[in-house]
Amino acid sequence: QRPVQISFIDEKLLEYCRKPLVSIGIEVVKLTEATGVEDYITKFSNKLIERGRASRGDAAERPGVHKGPGIQRHALEKYFSACKDFYSSKPWRRIDEVCAIEAEWLKGGERRYVTVLGSSDRTYGVAVMGSIQALRRKYIRASGTYDIEKDIEANMLCANCGKEPETETFRCVGCRTLFYCDQECQRTNWKQHQYECKYPSKLEH
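Heads up, the sequence shown is in the working numbering, so the first residue is 14 and it goes up one at a time.
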């Protein structure tokens, strides 16, 4: 059914829509701002905080995404358009959750690592991190397996060839998380590891 009356807050929008709406028999009116509403909301919010029913945060005081420093409208439009395309394509439906995908920015050569955190109807999406280690920690927290993993004994494997070292092992002292069979494996793996290691790589027996 067609509405009898439409109320507007914005005066310019009201004037823009007045003629076509009136021509089809719809009345247009301007809403007036009620006095004291903001003061009442403040008092009501404070009461909720006093009684422990709410907490005070700064979310409402921060500028919206379109009002942030350096934000340009055309860039924001492209961003939301890309987000819409990303959601519509649903890449998490086609990527295995155990895979980590390396993405390189067109400008600057920065690398990011992406993994799927969920692909069901209720839980879906991806995590983007600056390193494999950070991505792994995020995945462990999401799956709730951190405490379980700490108590599991596992063999130490070379980060390059995947084999268990026979005698001595070499460790990257930059991140202290990767082990190698020998210096050759470390040098080979450095081509990839240099983008995720926090410090310049060295070898340690």
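Where a beta carbon is used, it is the ideal one built from N, C-alpha and C, also for glycine. Keep in mind that this is a model prediction, so the values were computed, not measured.
Nearest Cα to residue 174 within the set 190, 186, 199: 199. Look at residue 172 here: in three-state DSSP terms it is coil, with no helix or strand label.
One alpha carbon belongs to residue 25, the other to residue 43, and they sit about 10 Å apart. Of the candidates 135, 137, 132, 127, the residue whose Cα lies closest to the Cα of residue 146 is 127. Exclusion of the five residues before and after residue 144 leaves 209 as the residues of its chain whose Cβ lies within less than 6 Å of its Cβ.
Check the Cα spacing between residue 192 and each of 87, 205, 206, 169: the tightest is with 169. Collapsing the DSSP output to three states places residue 182 in coil.
Per DSSP, residue 20 is one residue of the beta strand (DSSP E) stretching across 18–21.
Straight through space, the alpha carbons of residue 201 and residue 190 are spaced by roughly 16 Å. The continuous alpha helix (DSSP H) containing residue 53 extends over residues 50–63. For residue 130, the uninterrupted beta strand (DSSP E) run begins and ends at 124–132, by DSSP. Under DSSP, the beta-bridge partners assigned to residue 114 are 127. Residue 95 carries a helical assignment under DSSP once its states are collapsed to helix, strand and coil.
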